Structure formats: C-alpha cells, structure tokens
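What follows is a single structure, written as structure tokens, with notes after it.
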Amino acid sequence: MEDTEIYNKLSIINVKNKLNLEERYAKGDNIYVTCPFCYEGNQSNMKLNVTNDSYYCRMCGESGFAIGLYAKIKYINNKVAYKRLIQEEAEMQTELKEIRKSVRKQDEEISLVYEYFLKMLGLNKKHYNMLQELGFSKEDIVKYSFKSIPQRENEKTEICNKLIKSGFDLQGIPRILS
Ligand SMILES: [Zn+2]
3 MEDTEIYNKL SIINVKNKLN LEERYAKGDN IYVTCPFCYE GNQSNMKLNV TNDSYYCRMC
63 GESGFAIGLY AKIKYINNKV AYKRLIQEEA EMQTELKEIR KSVRKQDEEI SLVYEYFLKM
123 LGLNKKHYNM LQELGFSKED IVKYSFKSIP QRENEKTEIC NKLIKSGFDL QGIPRILS
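Numbered according to the numbering used here, the sequence shown spans residues 3 to 180.
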C-alpha cells in the first residue's frame, strides 16, 4: 500500500466521511462539522484539523485524533478502528479542498518562496558523490542546482525561521518538507 493511501485512510477527512459528519464550513486547514458528541439541539461546531488529523469541540471538550474519533463513535477500541479504516477504501471528498485552494498562495508567490528556500540549501558531499555516480557532470550539478533537503527537524525549522525573517509569510505555502 502506498504511503498516501494509508495516510488517506487514517485521515480525519476519511473519518469524517465514514461517520457522515455534517460539514458546516471550513477555514484554513480546519473543517467544522456538527459535533456528534454534543447534546442534540445544542450542537456546537467540532473542529477537524486536516493538517494534524485532530478533532476538538469547544462546547463539550471532546478532543483527540482521527482513529480515536472513529473508535469512539463506533463504540470500538482504537485497534479495531485502525483495522477497519485500513481495510476500507478512503473517502476523501470534501468541500474543504476548495477552501484549501483559496488559502493557498498564488503560484507566483509560492515559486518565489521555493526559490529562496532552495537558495538556502546546499548540496552535501554524499549527495554530490551520488549524483556523480549517477553520471551527472560537475557542470550538470551546477546547472540543475541540485540541493540536499535537510532531514533533521531543527534544520527544517531553522530554514523556515530564516524565510519568515526574510519577510515571507509561510501561511498557505504547501509543505514540501514533511
Ligand atoms: Zn461537542
């Protein structure tokens, strides 16, 4: 199974659809649904965060993550919930997609951020050697401006901080460092 397939199956969006939670509106990377835990007639909006797959209702205080939400509503434990979600096809349809697009920055701005981002990266020795082994010449390596993507969390944070300090608003910029 592909990583994205697994991710989709365990995502809050899939869980929302499997549970037929009523979408109310979306804002940024949050989608608000009618809270299934609040008393009927007094239902608040439960916030589903599609970035970290969490849920939270301010009214009743219920909170947690996608698998837990599925488990709780189906009266099963997390392990069973996980198995069931993994076995079934993911249902990823949501109005949120449009909303996400609208918070996404214009392509021009995105490419500018990426350009700066790439400038901040170097190419480490290991990757340089790998490229040469693959048959890229020294000139090719410069021409295609190959870069090494940092692996450590603190390196990633540092780069984001530098970009923010350079005046970039990273809200709405898709993440390429996961
Ligand atoms: Zn609630």
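For each residue, glycine too, the CB sits at the ideal point set by N, CA and C.
Since this is a predicted model, take the numbers as computed values, not measurements.
Please say whether Ser-13 and Asp-55 have beta carbons closer to each other than 8 angstroms? Going by C-beta atoms, Asp-55 is nearer than 8 angstroms to Ser-13.
List the endpoints of the continuous beta strand (DSSP E) containing Ala-92. Per DSSP, Ala-92 belongs to no beta strand (DSSP E) and is neither H nor E.
Between which residues of its own chain and Phe-67 is the CB-CB distance below 6 angstroms, once the five residues before and five after are set aside? Answer for Phe-67: Asp-55 and Ser-56, listed in chain order.
Can you determine whether any heavy atom of ligand 1 sits closer than 7 angstroms to the C-beta of Ser-56, and answer yes or no? No, since every heavy atom of ligand 1 falls outside the 7 angstroms radius drawn around the Cβ of Ser-56.
Euclidean distance between Cα positions of Glu-93 and Asn-10: Going by the C-alpha atoms only, they are around 8 angstroms apart.
Contact test: Phe-148 Cβ vs ligand 1 heavy atom, cutoff 7 angstroms: The answer is no for Phe-148.
Could you check which residue in Met-61, Leu-172, Leu-50 and Asn-19 has the C-alpha nearest to that of Glu-42? Among Met-61, Leu-172, Leu-50 and Asn-19, the Cα nearest to that of Glu-42 belongs to Met-61.
Nearest to Pro-176 by CA position, among Glu-4, Val-115, Asn-47 and Gln-89, is which residue? That would be Val-115, whose Cα lies nearest to the Cα of Pro-176.
Ligand 1 heavy atom lying under 7 angstroms from the CB of Glu-64: Checking the Cβ of Glu-64 against ligand 1 gives yes.
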